[in-house]
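Residue numbers (the working numbering): 511 to 897.
Below is one structure, written out as structure tokens, with a few remarks after it.
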Amino acid sequence: MSSRDESTAAERLALSRLTIDLDRIVANWRLLGELTPSAETSAVVKADAYGLGIARVVPALAQAGCRTFFVAWPHEGLAARAAAPSARIFVLGGLTPETGPALIDNRLIPVLNSMREIETWQDMAAVRERRLACALHFDTGMNRLGFEPGEAERIATEGDLVARLEPALVMSHLACADTPLSPMNGEQFARFKAIRALFPGIAGSLANSAAILSEPEFAQDVTRPGIALYGGAALASADGIGSAGPVMPVVTFEARILQVRNARKGETVGYGATAVLARDSRIAIAAAGYADGYLRSAAGGVAMRELARAGKGFIADMEAPLVGRISMDLAAFDVTDIPGEVLESAEWIELIGDNGDLDEFAHAAGTIGYEVLTGIGPRAARVYVGG
Ligand SMILES: *Cc1c(COP(=O)(O)O)cnc(C)c1O
């Protein structure tokens, strides 16, 4: 399955695996670009490319023509730089006098969020006797990171404040882009446009995945998609599961089936004996648990969650509901309805993938695809296809 055989011994021995389709990430990136043809489409690769591996995801995207990347923190910037020697890499936060030199040495561009960060970057520019690139991030209503809108005029007009800086981007972030009907989007957009007008000639960036999928006007000059590159739902939906829109799933999360056991009607399965079998059953035990990021909250018998809404696995495209609690290393699936000859040859059960929707699983666990992807632990071997 793997396009290159460079797996380590530990990976070959691993009993859970996360297969990442680099071609689909690239296809999703291209598709998002087609939706916003007037803008440059960057890629947000923070948190190790949402858990999928910055060292493989960034080169695949760079080779496809992606020139700009965003990471969250300076040390992630180092990994992105190693993966894309000539790309433009923005670091969303974490500029301090301690991290600044590494940013400069690695040609990483900090996103400045506060007056204190402006001072830090100006001081470093003075020491190096040259102008330093940056992005200016304005908070337009989220009250997370960023300058206050009121500070925009000061920054724009008091030339001294940014005399040694070269702003490459004026940006903001939407709080409710996943809900296109929210009035908050229009309010933030209006504030953003007013701020941009103070910085003529500097590129603007506002749109995350949801904004790209819902409102082309938000595209501005540089878009910043993350989750949609990785196949997750960016948009809210009426059923609460979320909608990935036109992008393709990218990951397959699987676990080895260790044994299939027969259990009698009335017996129980797993910790707490929460699952009582309603019929004679066959139970498959698979090697993935919450230590792999297979979230305990997705199973029945936890926090009042009903079995009907719990997650499920798939064997040869056939559904196998989770049964009982997920433990640290193991999960149990009801495979009674899967034919014996299919079970006999089945080595792996799909937990998330083309059958087991990432966001359905996230919903069963009471969370979102973002948290599931970034929570799949190092115990799962990463297997790359395509690229
Ligand atoms: C994480 C992040 C993004 C990407 O968001 P998605 O919803 O994953 O597309 C864009 N911009 C900023 C500032 C972010 O923190």
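Beta carbons: idealized from backbone N, C-alpha and C, even for Gly.
- Message: Suppose the cutoff is 6 Å on Cβ atoms and the five residues either side in sequence are ignored; what does the same chain contact list for Arg534 look like?
- Response: Residue numbering aside, residue 534 sits at position 24 when the sequence shown is read from its first letter. Hits under 6 Å: Met758 and Val760.
- Taking only runs that begin and end inside the stretch 752-839, name each unbroken beta strand (DSSP E) of 3 or more residues, in chain order. 761-773, 791-796, 822-825 and 828-831
- Quick one: any contact between the stretch 554-563 and the stretch 577-596, if contact means 3 or more CB pairs under 8 Å? yes
- Specify, as a first and last residue, the run of the beta strand (DSSP E) that Phe579 falls within. Taking the sequence shown and counting its residues from 1, the one referred to as residue 579 is at position 69. Element bounds for Phe579: Thr578 to Val581.
- Query: Quick one: does the C-beta of Asn538 sit closer than 7 Å to a heavy atom of ligand 1?
  - Reply: Position 28 of the sequence shown holds residue 538. Not under cutoff, so the answer is no.
- Message: Using C-beta distances below 8 Å, list every residue in its chain close to Ala582, excluding the 5 sequence neighbours before and after it, in chain order.
- Response: As a first step, residue 582 must be located in the sequence shown, where it is residue number 72. Closer than 8 Å at the Cβ level, and outside the excluded window around Ala582, lie Lys556, Ala557, Val601, Leu602, Gly603 and Gly604.
- By the 10 Å Cβ neighbour count, where 16 or more other Cβ atoms means buried, how is Leu545 classified, buried or exposed? Position 35 of the sequence shown, counted from the first residue, corresponds to residue 545. With 16 or more Cβ atoms within 10 Å of its Cβ, Leu545 is classed as buried.
- Task: Report yes if the C-beta of Ile737 is less than 7 Å from at least one heavy atom of ligand 1; otherwise report no.
- Result: The residue given as residue 737 occupies position 227 in the sequence shown. True, at least one ligand heavy atom lies under 7 Å from that Cβ.
- Chain-order list of residues whose beta-carbon lies under 7 Å from that of Ala593 (same chain, five-residue window excluded): Counting from one through the sequence shown, the residue named residue 593 turns up at place 83. Excluding positions up to five away in sequence, the list reads Ile564, Ala565, Val568 and Pro569.
- Message: Restricting to Cα atoms, I'd like to know which of Ala809, Ala720 and Gly876 is closest to Ile737.
- Response: As a position in the sequence shown, residue 737 is number 227, starting the count at 1. It is Ala720.
- Item | Residue range of the alpha helix (DSSP H) that includes Val567 | As a working note, residue 567 is residue 57 in the sequence shown. It spans Ile564 to Gln573 - the alpha helix (DSSP H) in which Val567 sits, taken as one unbroken run.
- Item | Inter-residue spacing [alpha-carbon to alpha-carbon] between Ala801 and Arg641 | Sequence index remark: in the sequence shown, residue 801 carries index 291 (1-based). Sequence index remark: in the sequence shown, residue 641 carries index 131 (1-based). The alpha-carbon atoms of Ala801 and Arg641 are separated by roughly 46 Å.
- Pairwise C-alpha distance: Pro595 and Met828: Position 318 of the sequence shown holds residue 828. Position 85 of the sequence shown holds residue 595. Their Cα atoms are separated by approximately 44 Å.
- Message: To the nearest angstrom, how far is the alpha carbon of Leu853 from that of Asp844?
- Response: The residue you call residue 853 lines up with position 343 of the sequence shown. The residue you call residue 844 lines up with position 334 of the sequence shown. Whole-angstrom Cα-Cα distance: 12 Å.
- Query: When the Cα of Asn538 is compared with those of Ser837, Gly850, Tyr740 and Gly876, which residue comes out closest?
  - Reply: As a working mapping, residue 538 is identified with position 28 in the sequence shown. Checking every option, the nearest Cα to that of Asn538 belongs to Tyr740.
- Start-to-end residues for the beta strand (DSSP E) that takes in Val621: Taking the sequence shown and counting its residues from 1, the one referred to as residue 621 is at position 111. Note, Val621: beta strand (DSSP E), Leu618 to Leu622.
- Message: Please report the distance separating the alpha-carbon of Glu860 from that of Leu868.
- Response: Numbered from its first residue, the sequence shown carries residue 860 at position 350. Numbered from its first residue, the sequence shown carries residue 868 at position 358. Roughly 11 Å separates the two Cα atoms.
- Message: Helix, strand or coil, according to DSSP, for Phe709 in the structure here?
- Response: The count along the sequence shown starts at 1 and reaches residue 709 at position 199. Coil at Phe709, not helix or strand.
- Item | Ser719 CB to nearest heavy atom of ligand 1 below 7 Å | As a position in the sequence shown, residue 719 is number 209, starting the count at 1. Yes, Cβ of Ser719 sits closer than 7 Å to a heavy atom of ligand 1.
- Message: Can you list, in chain order, the residues of its chain with a C-beta nearer than 8 Å to that of Gly885? Leave out the 5 residues immediately preceding and following it.
- Response: Walking along the sequence shown from the start, residue 885 turns up at place 375. Answer for Gly885: Gly561, Gly803 and Leu805, listed in chain order.
- Task: Reducing DSSP to helix, strand and coil, say where Val601 ends up.
- Result: The sequence position of residue 601 within the sequence shown is 91, counting from 1. Three-state result, Val601: strand.
- Message: Our contact map puts Thr650 next to Ser682 with C-beta atoms below 8 Å; I'd like the distance itself, whole angstroms only.
- Response: Sequence index remark: in the sequence shown, residue 650 carries index 140 (1-based). Sequence index remark: in the sequence shown, residue 682 carries index 172 (1-based). Rounded, the Cβ-Cβ distance is 4 Å, consistent with contact.
- Please report the Cβ distance between Gly742 and Ala729, rounded to the nearest whole angstrom; I am assuming they are in contact, meaning their Cβ atoms lie under 8 Å. Taking the sequence shown and counting its residues from 1, the one referred to as residue 742 is at position 232. Taking the sequence shown and counting its residues from 1, the one referred to as residue 729 is at position 219. Contact flag wrong, Cβ pair sits at about 20 Å.
- Query: Taking all protein chains shown into account, do 16 or more other C-beta atoms lie within 10 angstroms of the C-beta of Ser548, making it buried, or fewer, making it exposed?
  - Reply: Here residue 548 is taken as the residue at index 38 of the sequence shown, counted from 1. Exposed is the call here.
- Task: May I ask whether a heavy atom of ligand 1 can be found less than 7 Å away from the beta carbon of Leu602?
- Result: The count along the sequence shown starts at 1 and reaches residue 602 at position 92. Yes; taking the cut-off as 7 Å, the Cβ of Leu602 has a heavy atom of ligand 1 nearer than that.
- Message: Measuring straight from C-alpha to C-alpha, what distance separates Glu764 and Ala820?
- Response: The residue given as residue 764 occupies position 254 in the sequence shown. The residue given as residue 820 occupies position 310 in the sequence shown. Roughly 17 Å between the two C-alpha positions.
- Does the separation of the CB atoms of Leu900 and Val882 fall below 8 Å? This structure gives no information on residue 900, because the portion of the chain shown stretches from 511 to 897.
- Item | Residue burial classification, Asn772 (beta-carbon count within 10 angstroms, cutoff 16) | Against the sequence shown, residue 772 aligns to sequence position 262. Looking at its Cβ environment, which holds fewer than 16 other Cβ atoms inside 10 Å, Asn772 is exposed.
- Message: Rounded to the nearest angstrom, what separates Ile722 and Thr778 at their Cα positions?
- Response: In the sequence shown, residue 722 corresponds to position 212, counting from 1. In the sequence shown, residue 778 corresponds to position 268, counting from 1. Near 48 Å, if we compare the C-alpha coordinates of Thr778 and Ile722.
- Task: Express the C-alpha separation of Pro710 and Ile665 in angstroms, rounding to a whole number.
- Result: By one-based count along the sequence shown, residue 665 stands at place 155. By one-based count along the sequence shown, residue 710 stands at place 200. Distance between the alpha carbons of Ile665 and Pro710 is about 13 Å.
- Query: Should Asp688 go down as buried or exposed, given a rule of 16 or more other Cβ atoms within 10 Å for buried?
  - Reply: In the sequence shown, counting from the first residue as 1, residue 688 sits at position 178. Asp688 comes out buried.
- Query: Is DSSP giving Gly741 helix, strand or coil here?
  - Reply: Within the sequence shown, residue 741 is the residue found at index 231, counting from 1. DSSP places Gly741 in coil when its eight states are reduced to three.
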